[in-house]
Amino acid sequence: LDLHAPYVEVWCTTAYGFELLDSDDGERLRLAPHIEETLARPNHPRNLGGYVRLGTQFATEDYRLAPQAFKTGETAPFQGRSEAFAQAVAQAVAGVNLLVARKILPGLGDVAARLNAGGTLLEVGCGAGRLQLPLAKAFANARCTGIDIDPTGLAAARAAVRDAGFDGRVRIVEGDVASAFAPASFDVVVMVEVLHEIAPAIRPGVVAACARVLRPGGWLVIVDETYPATLAEARLPQFQFPLQTGLEELTWGNVVPTRAEQERLLRGAGFAGTIERSIFGEGFTLLATQR
Numbered sequence: 432l433d434l435h436a437p438y439v440e441v442w443c444t445t446a447y448g449f450e451l452l453d454s455d456d457g458e459r460l461r462l463a464p465h466i467e468e469t470l471a472r473p474n475h476p477r478n479l480g481g482y483v484r485l486g487t488q489f490a491t492e493d494y495r496l497a498p499q500a501f502k503t504g505e506t507a508p509f510q511g512r513s514e515a516f517a518q519a520v521a522q523a524v525a526g527v528n529l530l531v532a533r534k535i536l537p538g539l540g541d542v543a544a545r546l547n548a549g550g551t552l553l554e555v556g557c558g559a560g561r562l563q564l565p566l567a568k569a570f571a572n573a574r575c576t577g578i579d580i581d582p583t584g585l586a587a588a589r590a591a592v593r594d595a596g597f598d599g600r601v602r603i604v605e606g607d608v609a610s611a612f613a614p615a616s617f618d619v620v621v622m623v624e625v626l627h628e629i630a631p632a633i634r635p636g637v638v639a640a641c642a643r644v645l646r647p648g649g650w651l652v653i654v655d656e657t658y659p660a661t662l663a664e665a666r667l668p669q670f671q672f673p674l675q676t677g678l679e680e681l682t683w684g685n686v687v688p689t690r691a692e693q694e695r696l697l698r699g700a701g702f703a704g705t706i707e708r709s710i711f712g713e714g715f716t717l718l719a720t721q722r
């Protein structure tokens, strides 16, 4: 690699000390268990490369704006930034997307039966299209649609769909759910790490629009995060990741909802049945309910 050997030695010793590297003989080093998946394999569900890139390449600029933002409350929305930013965001949630396509949706009620029978699925906030591809692979008979308002992410999504050969089965739409689709158009509506990115003032309308485009018995599936409602909750392990997100995305204008806010949104949109709720990973919340 033509690297400076003393620097490499210090880097490797540090990585070994923090258990990122292991050694069998005290001389030769190798990646420790799970580190290859976490850092070196971009398509692995546990890969954290996207989070690292967001922090090192992009969040640093936002943090430079923080002193002024804390005085004025101004925000710098993440929509409309560079393609590199859109891809970093997509990579950050790539593992969750794979989990949704391969495990969560196939194991939820009659979702798999609906989609395998030629049903329709809408992803709200599709970004660069990283969920559309595994969905199309997991449910070969389904017709998938992704919608977003960010033109940069949408361009990347259309390119990804085209390159994967899914043009005929996957549609990418620019716009908002309320005006883009007819009522009762979809069997499943999915949002992955999107709800907290929607401005609180318009969230009720977006969730209501999701309910409107669902067919009777259709599923709304939300993967997001839940903010602590009290100081006591803020000390609980399941809220550590949402707290981090709330701070990191503060100047983007993103607000992580509490459990009460999530349930109020769903009830207000007309979802009167059971709201299935579970926590997975380091603090992701899964919400699922039927129309």
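Quick note: the sequence shown uses the numbering used here, first residue 432, plus one each step. Beta carbons are placed, not taken as given, at the ideal position from N, Cα and C, and that holds for glycine.
From the DSSP secondary-structure annotation, give me the bridge partner or partners of residue i.
i	result
residue 650	619 and 721
residue 658	689
residue 458	Answer is none; residue 458 lacks a bridge partner.
residue 715	656 and 711
residue 452	462
residue 679	According to DSSP, residue 679 bridges with nothing at all.
residue 605	579
residue 645	617
Whole-angstrom Cβ separation of residue i and residue j, contact assumed at under 8 Å?
i	j	result
residue 609	residue 640	4 Å
residue 693	residue 649	Rounded, the Cβ-Cβ distance is 19 Å, inconsistent with contact.
residue 676	residue 496	With 8 Å as the limit, residue 676 and residue 496 do not qualify as a contact, their Cβ atoms being about 18 Å apart.
residue 451	residue 461	Residue 451 to residue 461, Cβ: 10 Å. No contact.
residue 708	residue 717	7 Å
residue 654	residue 616	With a Cβ gap of about 21 Å, residue 654 and residue 616 do not count as contacting.
residue 601	residue 567	5 Å
Cβ atoms of residue j and residue i: under 8 Å apart, would you say?
i	j	result
residue 618	residue 545	yes
residue 539	residue 719	yes
residue 523	residue 556	no
residue 725	residue 626	Past the boundaries of the shown model lies residue 725; the chain is included only from 432 to 722, so the question cannot be answered.
residue 636	residue 669	no
residue 478	residue 469	yes
residue 525	residue 536	no
residue 581	residue 499	no
residue 673	residue 686	no
residue 484	residue 519	yes
residue 595	residue 604	no
residue 573	residue 551	yes
residue 493	residue 471	no
residue 700	residue 638	yes
residue 734	residue 558	Because the chain is modelled from 432 through 722, residue 734 falls outside the range shown and cannot be assessed.
Is residue i near the ligand MN, going by C-beta to nearest heavy atom under 7 Å?
i	result
residue 466	Judged by which ligands are present, the structure shown has none, so any question about the ligand MN falls away.
Exercise for the section: Determine, using beta-carbon pairs with one atom in the segment 575-585 and one in the segment 553-563, whether at least three such pairs fall under 8 Å. Expected result: Taking a cut-off of 8 Å for Cβ pairs, the segment 575-585 and the segment 553-563 touch, as three or more such pairs fall below it.
Exercise for the section: Would you check if the segment 588-606 and the segment 648-663 touch, i.e. whether three or more CB-CB distances between them fall below 8 Å? Expected result: The segment 648-663, when compared against the segment 588-606, does not touch it at the 8 Å Cβ threshold.
Exercise for the section: Determine, using beta-carbon pairs with one atom in the segment 524-533 and one in the segment 620-640, whether at least three such pairs fall under 8 Å. Expected result: Contact holds: three or more Cβ-Cβ distances are below 8 Å.
Exercise for the section: Kindly provide the ranges of any alpha helix (DSSP H) runs that are 4 or more residues long and lie completely inside the segment 520-603, ordered along the chain. Expected result: Counting only runs of 4 or more, we get 525-530, 542-547, 563-569 and 582-595.
Practice task
Would you check if there are 3 or more beta carbon pairs closer than 8 Å linking the segment 581-588 to the segment 508-518?
Solution key: The answer is yes - the segment 508-518 touches the segment 581-588, with three or more Cβ pairs under 8 Å.
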